[in-house]
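Chains as they are written, first to last, in this note's numbering: chain A, 2 to 419; chain B, 2 to 419.
Note that CB positions come from ideal geometry on N, CA and C, so glycine has one too.
Before any comments, here is the structure.
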């Protein structure tokens with residue numbers, strides 16, 4: 002099956018937004034084996050949209066439209082397709098009820114033009130919109146399948162995954178089970194990881210194996226096809242076992258885990274509390290932890306010690322340590338960790354100090370970071386990073402490495418099941 | 002002049018990356034008055050690329066290609082155009098010298114296929130690539146102009162701005178000066194701002210006026226055309242004066258200013274120091290300040306007071322205040338601001354407390370935030386927010402509103418020139 006994605010919206014042609022919908026849908030279609038040969042972007046203009054549809058019909062079996070399903074006069078995707086295919090627009094009752102409810106809940110009066118959003122192509126399969134008002138549609142003719150999806154990504158993405166994708170699998174007369182599983186790594190570069198699993202990458206068939214890097218993290222996506230879920234999962238498990246055998250120590254989690262959510266789970270499961278004293282990261286470590294709901298049971302609080310004076314007077318860092326080793330040193334990071342743990346009375350204390358850049362700091366070049374960890378009754382330990390990014394990349398990397406090292410330590414201490 | 006942008010690359014059709022080049026080029030073309038009617042994405046396939054070119058020739062005068070100029074066999078943009086237009090590929094000496102130098106500098110041996118990058122279409126204008134090896138090209142025939150640009154944004158964007166745009170202005174026979182100026186707002190919604198300047202939006206000609214909203218901020222871009230820079234700037238100034246007259250109190254800066262960079266400038270200029278006690282934002286406020294280089298002169302440090310216990314024992318918040326008014330209250334926010342200012346001995350103290358969500362907190366529904374500001378000898382003041390976003394949107398909004406209110410206060414106190 003050959004697909005083309007047509008995004009409708011003048012805001013795309015004015016360069017106000019990127020066509021991220023095409024990227025999302027393409028990656029989803031690649032997973033289920035549908036080839037995408039073209040993306041087209043066209044403005045809110047019925048004649049040019051019609052031309053685009055005619056061109057797409059020549060070169061694709063499946064045409065997926067995004068955008069132009071809203072309430073205003075500019076929104077004309079379904080109207081244009083309706084005319085072109087000679088299919089009436091009819092009211093969808095469920096969509097109408099949802100729209101009326103929406104306005105009641107918001108205590109706003111529904112204007113007449115909003116009813117237009119409940120109109121769907123006669124004979125289509127309606128795709129429910131759980132995050133907005135305009136429903137999606139799938140209409141199959143003898144020669145083509147037309148899928149209409151809303152433009153806003155927060156409406157389109159869940160609709161595609163949970164409504165559209167199963168329908169497309171049916172269209173493919175595909176009873177195959179397709180199962181994906183993501184292994185998440187930290188502390189290893191993409192190139193190094195690829196080298197370690199090169200033979201697996203070269204010989205992949207089923208499961209397929211796809212590496213992806215972003216923000217200093219690397220993931221491997223394993224995708225298996227089979228007749229049954231059980232068999233697909235067994236295929237994934239076999240390949241995963243081999244990967245863990247080779248690079249398991251860099252694995253921090255799976256699928257939707259994040260470094261911070263993984264840390265939260267382990268802290269809460271083991272009833273551990275944490276505090277931090279942050280210098281170069283200036284609160285970013287604790288903010289990243291608090292970004293995960295439910296962190297309140299483990300994260301007590303801590304200190305931002307941007308100046309030397311605050312380190313000494315507020316946190317209680319021994320002035321002699323700073324004098325002898327400077328603020329960017331393993332000694333200072335460990336002392337910060339010990340002091341904050343003591344002061345905030347937690348099981349774990351973290352100290353982060355370094356030179357974010359662009360300038361050096363504490364006699365160290367930009368990118369030097371020391372991470373101190375004080376854990377229970379153990380002597381404090383510290384880790385050095387030599388980062389080469391820009392200021393805020395370095396700050397974020399320092400935070401992620403801190404979580405990574407802490408996860409490794411907790412695992413070594415038998416506190417974490419990974 | 003009508004333009005079409007054709008992006009060449011199978012990685013786009015696999016959904017590995019978004020077509021951000023089309024967004025960038027479109028916004029640049031909009032500024033100089035060239036209409037973009039279509040974007041097309043096509044894979045690394047010569048037949049399908051040729052089809053796309055033929056379609057584009059029917060509906061555009063200017064066809065801009067991105068990608069497919071590299072050294073590998075997959076890269077075939079210029080080869081396909083060369084055949085189609087019957088124009089030879091010839092070596093460009095400058096590009097060849099640059100490529101040889103590049104490999105010398107990197108101490109790497111140049112492989113034969115890299116020479117291919119120095120080939121350009123006979124008779125074209127060569128666009129220098131300052132950030133990579135493949136040069137760009139502009140070839141004008143009787144009926145069309147073909148512009149070929151490299152795919153990597155870090156090469157394409159500067160090439161477009163500094164090499165391609167002036168050439169396009171010449172193509173337009175346009176000696177006009179085009180000047181853009183951005184006014185940045187906070188604390189006013191896009192809809193409200195548009196209402197206040199609706200007549201200016203409706204009647205815009207020169208300068209043009211374009212609103213844009215993102216991350217809770219709104220900007221207005223003023224773009225003027227004229228024969229001279231002086232006159233273009235006068236046109237912008239006249240419209241800006243009218244805008245400031247109506248909604249000036251929501252303006253926090255211009256062009257590349259950010260809320261945090263603006264605050265840094267004002268703090269440093271007035272030799273003011275700042276500390277913060279953060280509950281729901283858990284360090285995000287201070288981390289956002291520290292994200293701006295040079296903040297060290299003003300930001301001393303502060304405290305993350307995630308639990309009630311830490312608020313009382315570490316920060317010194319009066320327990321009776323929490324008992325009587327709860328942790329999410331104006332009284333608690335003000336007390337936090339006063340205590341942190343005192344403890345860290347700064348000119349300004351900030352207290353942020355609230356319920357980020359998804360659950361409520363301190364007897365308040367999710368999205369309730371209190372921001373306390375203690376400034377010099379003034380009595381502390383506080384601001385309430387009722388936010389409706391997700392957890393981390395609310396946390397970021399709370400931070401931005403804190404900076405916004407602080408900027409307003411400093412301006413009222415005569416500390417800021419805006």
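- In the DSSP assignment, residue 163 of chain B falls outside any alpha helix (DSSP H) and carries neither an H nor an E.
- Restricting attention to B:349, B:150, B:99, B:122, the CA atom closest to the CA of residue 85 of chain B is found in B:122.
- A Cβ-Cβ contact shorter than 7 Å links residue 160 of chain B with residue 128 of chain B.
- At a cut-off of 7 Å between beta carbons, residue 288 of chain A contacts chain B.
- Taking a beta-carbon distance threshold of 7 Å, residue 291 of chain A counts as an interface residue toward chain B.
- Contact between residue 208 of chain A and residue 236 of chain A holds, with the beta-carbon distance rounding to 5 Å and staying under 8 Å.
- At a beta-carbon threshold of 9 Å, none of the residues of chain A lie near residue 162 of chain B; the nearest stands roughly 13 Å away.
- Taking 7 Å as the CB threshold, residue 245 of chain B stays off the interface with chain A.
- When secondary structure is reduced to three states using DSSP, residue 154 of chain A falls in the helix class.
- 315: these are the residues of the region 313-334 of chain B whose beta carbon lies less than 8 Å from some beta carbon of chain A, given in chain order.
- With respect to chain A, the C-beta atom of residue 20 of chain B has a partner C-beta closer than 7 Å.
- Counted as a single uninterrupted DSSP element, the stretch harbouring residue 109 of chain A is not any beta strand (DSSP E), since DSSP gives it neither H nor E.
- Scanning the region 258-313 of chain A from its first residue to its last, the whole alpha helix (DSSP H) runs of 4-plus residues come out as 260-270, 285-291.
- Counting only Cβ-Cβ distances below 9 Å, residue 282 of chain A has contacts in chain B at 284, 288, 291, in chain order.
- Only residues of its own chain outside the window of five on either side were considered, and among them 372, 374, 384 have a CB closer than 7 Å to the CB of residue 406 of chain B, listed in chain order.
- By the C-beta density criterion, residue 229 of chain A is exposed, having fewer than 16 other C-beta atoms within 10 angstroms.
- From the beta-carbon of residue 142 of chain A, no residue of chain B is found nearer than 9 Å; the closest lies around 23 Å away.
- Close partners of residue 31 of chain B in chain A (Cβ separation under 8 Å): 15, 16.
- Chain-order list of chain A residues neighbouring residue 308 of chain B: 301, 302, by C-beta distance under 7 Å.
- Taking the Cα of residue 26 of chain B as reference, the smallest distance to any Cα among A:77, A:13, A:168, A:37 is reached at A:13.
- In the three-state scheme derived from DSSP, where H, G and I count as helix and E and B as strand, residue 209 of chain B is classed as strand.
- Annotated three-state conformation of residue 129 of chain A is coil, per DSSP.
- Shown in chain order are the members of the region 385-398 of chain A whose Cβ falls below 8 Å from a Cβ of chain B: 392, 393, 396.
- Less than 7 Å separates the beta-carbon of residue 338 of chain B from that of residue 351 of chain B.
- Across the structure, residue 278 of chain B and residue 303 of chain B are spaced so that their CA atoms are roughly 6 Å apart.
- Judged by DSSP secondary structure, residue 180 of chain A falls within the beta strand (DSSP E) whose first and last residues are 178-186.
- Contact between the region 62-81 of chain A and the region 145-159 of chain A is established, with three or more Cβ pairs separated by less than 8 Å.
- Chain A places a beta carbon closer than 7 Å to that of residue 24 of chain B, counting this residue as a contact.
- At least one CB of chain A lies nearer than 7 Å to the CB of residue 41 of chain B.
- Under the three-pair Cβ rule at 8 Å, the region 5-25 of chain A counts as touching the region 37-46 of chain A.
- Considering only beta carbons, the part of the region 43-56 of chain B lying closer than 9 Å to chain A consists of 43, 44, 46, 49, 52, 53, 56, in chain order.
- Using a CB distance cut-off of 7 Å, residue 215 of chain A does not count as an interface residue toward chain B.
- Residue state for residue 36 of chain A is assigned as strand, using DSSP reduced to three classes.
- DSSP, read as helix, strand or coil, puts residue 218 of chain A in strand.
- Per the coordinates, the alpha-carbon of residue 393 of chain A lies some 25 Å from the alpha-carbon of residue 349 of chain B.
- In the structure shown, the three-state DSSP call for residue 249 of chain A is helix.
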